[in-house]
Each structure stands twice: as structure tokens, then as C-alpha cells.
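Working notes, beginning with the structure itself.
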Amino acid sequence: MPQPVRVRFAPSPTGYLHVGGLRTALYNYLFARKNRGTFVLRIEDTDRTRYVEGAVDSLISTLRWAGIDYDEGPVKGGAYGPYIQSERLSIYKSHVDLLVQSDNAYRCFCTPQRLEAMRKDQERNKVASRYDRTCLHLTPEEINQKLDTGIPFVVRMKIPESRTISFDDIIRGHVEFASVQLDDQVLMKSDGYPTYHLAFVVDDHLMGITHVIRGEEWLSSTPKHILLYQYFGWEIPIFAHLPLLLNPDKSKLSKRQGDVAVEEYIQKGYLQEALVNFIAFLGWNPGDEREIFSLEELVQEFSLERVGKSGAVFNVEKLDWLNFQHLRKKSDTEVLAMLKEFLTRSAFSSRHFEDEYLLSVIGVMRERITFIKDFIEKSPYFFQPPEKFDPDVIKKRWKEETPSNLKVLMNEFSQLIKPRKEDYEAALHRAAETLKIKHADLIHPLRLAVSGMGAGPGVYDILVILDKDETIRRVKSAIEQIR
């Protein structure tokens with residue numbers, strides 16, 4: 019009977035969750051849920067120089083926002099804890115001692131200054147940079163003498179000579195490395211903290227991880243990890259290395275060319291459904307033309323076999339399109355709740371808008387917005403009278419006779435009782451006939467007067483939402499302000 023699937027996401031608490039990290043978490047989550055397995059969150063905080071206070075809480079909060087719920091990990095606990103590596107130091111110490119005793123690792127007493135000089139010498143001679151194994155050849159007496167005098171040391175992995183290390187990757191297929199390409203990797207630093215390579219192997223084994231799903235950048239380290247599994251006599255998990263995330267110019271995704279923190283996309287107003295949908299397609303596809311997926315639908319469809327090898331381009335325009343599509347799928351009631359919440363954080367937080375009024379705004383603006391913030395940015399006139407008027411529209415649409423024409427129109431409007439769209443339209447037609455001008459000569463300056471803009475939803479839709487009295491007030495104010 020196959021072993022139950024157990025996967026993990028093991029981020030470092032360095033300040034924010036990278037979009038690449040979110041993809042790794044998402045793929046692990048989808049794979050676990052699809053296979054009725056367990057998704058583990060483990061915090062890899064052994065590099066204390068990069069640790070950021072509060073980053074773990076922020077990371078868990080961001081995963082929760084994305085709908086990615088872990089089964090075991092910090093806060094929740096589980097049978098294989100602790101799930102924070104800095105709380106597992108004694109475990110790593112005992113395992114690195116086993117490697118030294120079995121002659122698969124050795125203590126290295128070289129100073130940072132000697133290692134730096136060695137690297138520079140290798141650069142000058144144009145040879146691959148790797149440790150020269152000076153300390154591998156120390157006698158037991160020399161080792162004990164250095165230990166007795168308290169000389170700091172690291173523990174290095176002993177790489178075998180003339181070996182081919184191979185494995186089958188779900189995404190990459192069959193992969194082979196020659197051991198001559200590998201360096202004697204540091205496994206335990208002088209401060210007693212393990213490196214990623216030791217901690218990852220020990221933790222994944224002890225936590226029963228069956229599948230290691232991680233970024234392509236770890237592919238070249240995999241032969242070292244396989245050797246460690248073999249040194250310990252443990253079963254090797256199944257590997258799946260995800261393709262790189264690329265900028266539109268095909269360079270590796272970096273902060274220099276755009277936002278890479280998930281939190282930045284949350285702050286910009288992207289919907290959880292849209293960002294998760296977008297991230298899922300950065301390497302994976304369902305094998306057909308479908309593009310819009312909920313998290314539940316992704317669980318049903320996901321498979322590692324449909325993840326490609328080539329780099330995935332992070333296209334923000336596609337993300338914006340997905341945000342528009344997911345926003346369209348929401349009910350007016352859902353959008354209303356989101357708009358009201360956004361208004362509490364806006365410049366209009368002190369103003370009260372009836373639900374019926376906001377629903378009317380939603381009705382005419384839905385097809386024009388990509389983000390909830392667009393309600394205010396694209397149609398601020400629904401929330402306050404225009405404070406300025408588009409100068410290009412004034413130049414094109416506001417003529418010397420416009421004020422007097424609009425006064426005739428306002429006279430028609432003032433006679434309307436609870437006007438509907440067709441009532442405003444009929445009144446404008448009557449005014450145009452009286453003035454012997456085109457309808458457009460009234461429609462365009464009317465839109466400018468009530469909105470300050472030259473484009474937007476239908477002008478009669480705007481008038482109905484604002485109501486007759488507010489429309490007349492705004493037109494009178496525009497006549498006073500526009501010269």
C-alpha cells in the first residue's frame with residue numbers, strides 16, 4: 019500500500035513572502051489536498067543573520083489570506099514538532115555526530131581568512147571554487163589538539179570521488195550529477211546551527227515527507243541531499259523542481275524590475291482568488307483553454323505532471339485581467355461589502371453612503387473596474403462633487419454659449435418629478451430643440467459639469483444616481499467655476 023502523501027513548505031523568515039514562495043506553498047498545498055495528504059509548514063530560521071522579527075506571523079497571515087491552510091506547523095503543532103528549526107538544534111547535533119563517526123563528514127578548522135585566500139587563488143588560476151580538503155587529512159591527534167584548545171570549527175560533508183549521483187524528478191525527468199562537480203558542503207556552522215542542506219534532510223526524514231516540491235534553484239544541491247539520505251540509510255523522497263519565475267524580458271524575477279512580495283499585491287487590492295489563480299498558472303496548466311479557476315477547482319485539476327520545465331513569465335497584465343474576471347464573478351452584495359470596507363480606509367471614511375446608493379454605483383461601474391479602488395479612482399464624482407475639471411475636455415467641449423445652454427437645460431430638469439433615465443434624455447432633447455443645437459452640445463458639457471471628466475458610464479445613468487437636485491447644484495457650480 020503506498021505511503022500517505024506528506025509535503026511541506028519550508029520558508030525562511032526574512033521579512034516577506036516572495037511570490038515564488040507563494041507558488042511553492044500553493045503547489046504543495048494543491049498536491050496534498052488532491053492526494054488527501056498532509057501539508058506541513060516548517061520555518062527554516064537557521065540563518066540568524068537574515069532573521070526578521072515578526073516575519074513568521076506575517077508569513078502565516080499571508081498564507082491564510084491566500085486560503086492555503088497547513089495541517090501541521092507553528093501555532094497548530096503536530097506529532098513531528100517542533101516545526102521551527104532553531105528549536106531543533108540538538109536533533110541536528112546528534113545527526114551530524116553520526117556522520118562524523120561514520121566517516122561521512124569531518125571537522126574543518128580553517129579560518130575565514132584562509133578560506134578567502136584559497137578562493138582568490140582558485141579564481142586567479144581559473145579553477146572551480148571548492149574547499150581543498152586540508153582538514154580532511156588531519157590525524158586524530160591533530161583534531162583532538164585543536165578541539166582541546168577551543169579552535170572554532172565547522173563540519174563538512176565528505177563527497178565521494180568518481181561517483182555518479184542520479185535521481186528521477188517528476189518535472190525534470192532523469193537527472194545525473196558527477197560527484198567531482200560537488201564541494202564538501204558545510205553541514206554545521208561554528209555557531210552550532212546547521213546549514214539548509216543538513217537540516218532539510220534530517221527534518222524531511224523525521225517528519226515523514228514523501229515528496230519534496232521546491233524551486234529549480236535547489237536542483238544543483240539535490241545530489242548532496244541524496245548522498246546524505248544514503249549516508250543515514252534513509253529512504254529518499256520523490257523530488258519535483260519547479261521552473262524559475264521570469265520577468266517579461268526573460269531575466270530571473272527580481273525586485274529591481276517589479277514587486278515580488280505577496281504583501282505588495284495584497285496592498286494594491288488584488289483579489290485572493292485572482293492572485294492564487296495567476297500564481298497557479300506560473301508553470302502549470304490544465305491542458306485545455308480554461309484560465310479561470312477557484313482554489314477548489316485547482317485542487318481537483320492539479321497534477322505535478324502538468325508542470326513544465328521552462329521558466330514562467332510573471333505578466334502583470336495577465337494578473338490584472340484575472341482580477342477583472344474574478345471581480346466580475348462576485349455578486350453585487352459581495353462587491354458592496356468590499357466597497358464599504360474600502361471606503362472606511364479612504365478619504366471618504368467620515369461620509370455615510372446608503373447601500374442602495376452604492377449598489378447603483380456598482381451597477382453602472384462593474385464592467386469598468388479591475389480593482390475595488392477603481393470605484394473611487396475612476397468615478398470619484400459619485401462620492402463628492404468634482405473639485406476640478408479636465409482642462410482638455412473644457413478646451414474641446416466648453417464653448418462661450420455653454421453656460422447659457424446649460425441654464426436652459428437645468429430649467430427643463432427642474433420641472434421633472436422623480437426623473438428616470440428616459441425623462442432626463444427627453445428633457446435634454448427638448449432643450450436642444452429649443453436652442454436649435456445638437457444633442458452632443460449639451461451632453462458633453464453636462465457630463466463635464468457633473469463629473470469633472472469627459473468619459474465614464476452613460477451620462478443619464480450618472481444623473482439618476484446623483485438625483486435631480488444634486489445634478490442641478492453641480493451644473494450651477496460648474497458654470498461658476500469654469501471660465
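Just so we're aligned, residue 19 is where the sequence shown starts under my numbering, counting upward by one. Glycine included, every Cβ here is placed at the ideal spot set by N, Cα and C.
Within the region 332-367, no run of beta strand (DSSP E) reaches 3 residues while sitting entirely inside it. Three or more Cβ pairs drawn from the region 138-156 and the region 199-208 lie within less than 8 Å of each other, which places the two stretches in contact.
Gly191 has Asp187 as its beta-bridge partners, per DSSP.
The residues His192, Val193, Glu194, in chain order, have a CB closer than 7 Å to that of Ser184 in the same chain once the five nearest residues on each side in sequence are set aside. Between Leu466 and Val411, the C-beta gap is smaller than 7 Å, which places the two residues in contact. Taking the C-beta atoms as reference points, Leu316 is found no nearer than 7 Å to Ala330. Annotation: His457 is outside any alpha helix (DSSP H) and is labelled neither H nor E by DSSP. Following the DSSP letters along the chain, one finds Tyr124 inside the beta strand (DSSP E) bounded by residues 123-126.
Less than 7 Å divides the Cβ of Phe342 from the Cβ of Thr388. If you check the CB distance, Tyr211 and Thr64 come in under 7 Å. In the three-state scheme derived from DSSP, where H, G and I count as helix and E and B as strand, Trp416 is classed as coil. Counting along the chain, Val230 sits inside the beta strand (DSSP E) bounded by residues 229-233.
Given a length threshold of 3 residues, the region 269-293 has no whole run of the beta strand (DSSP E) inside it. Assignment of Trp83 by DSSP, reduced to helix, strand and coil, places it in the helix class.
Note on geometry: alpha-carbon atoms of Lys456 and Val477 lie some 16 Å from one another. Inside the region 117-165, DSSP marks whole alpha helix (DSSP H) runs of 4 or more residues at positions 130-142, from first to last along the chain. In its own chain, leaving out the 5 sequence neighbours on each side, no residue places its CB closer than 7 Å to the CB of Lys454. In its chain, beyond the 5 residues on either side, no residue has a beta carbon closer than 7 Å to the beta carbon of Gln285.
For Phe218, the three-state secondary structure derived from DSSP is helix. With respect to Ala279, Tyr34 sits close: the two C-beta atoms are nearer than 7 Å. Here Lys242 is buried, its C-beta having at least 16 other C-beta atoms within 10 Å. By DSSP's assignment, Arg308 forms no beta bridge with any residue.
Annotated three-state conformation of Thr32 is coil, per DSSP. Lys164 and Glu141 have their C-alpha atoms some 29 Å from each other. Under DSSP, Leu59 shares a beta bridge with Phe27. Taking all protein chains shown into account, Pro463 has 16 or more neighbouring C-beta atoms within 10 Å of its C-beta and is therefore buried. Residue nearest to Leu361 within the set Pro421, Gly287, Gln318 is Gly287 (criterion: CA-CA distance). Scanning its chain for C-beta atoms nearer than 6 Å, with the 5 sequence neighbours on each side dropped, one finds around Leu481 the residues Tyr442, Thr489, in chain order. Contact check for Pro31 against Val58 fails: the beta carbons are separated by 7 Å or more.
In the DSSP annotation of this structure, the continuous segment of the beta strand (DSSP E) that includes Ile256 starts and ends at 256-260. Between Ser368 and the set Leu107, Arg60, Phe401, Asp392, the nearest pair of CA atoms involves Phe401.
Comparing alpha-carbon positions, the option among Pro304, Leu237, Lys176 lying closest to Gln119 turns out to be Lys176.
Between Ile254 and Val382 the beta-carbon gap is near 60 Å, outside 8 Å, which marks them as no contact. Note on geometry: alpha-carbon atoms of Lys413 and Pro421 lie some 14 Å from one another.
If you ignore the 5 residues before and after Tyr98, its C-beta comes within less than 8 Å of the C-beta of Val58, Glu90, Leu224, Met225, Gly226, all in its own chain and listed in chain order. Rounded to the nearest whole angstrom, the CA to CA distance from Arg125 to Phe171 is 6 Å.
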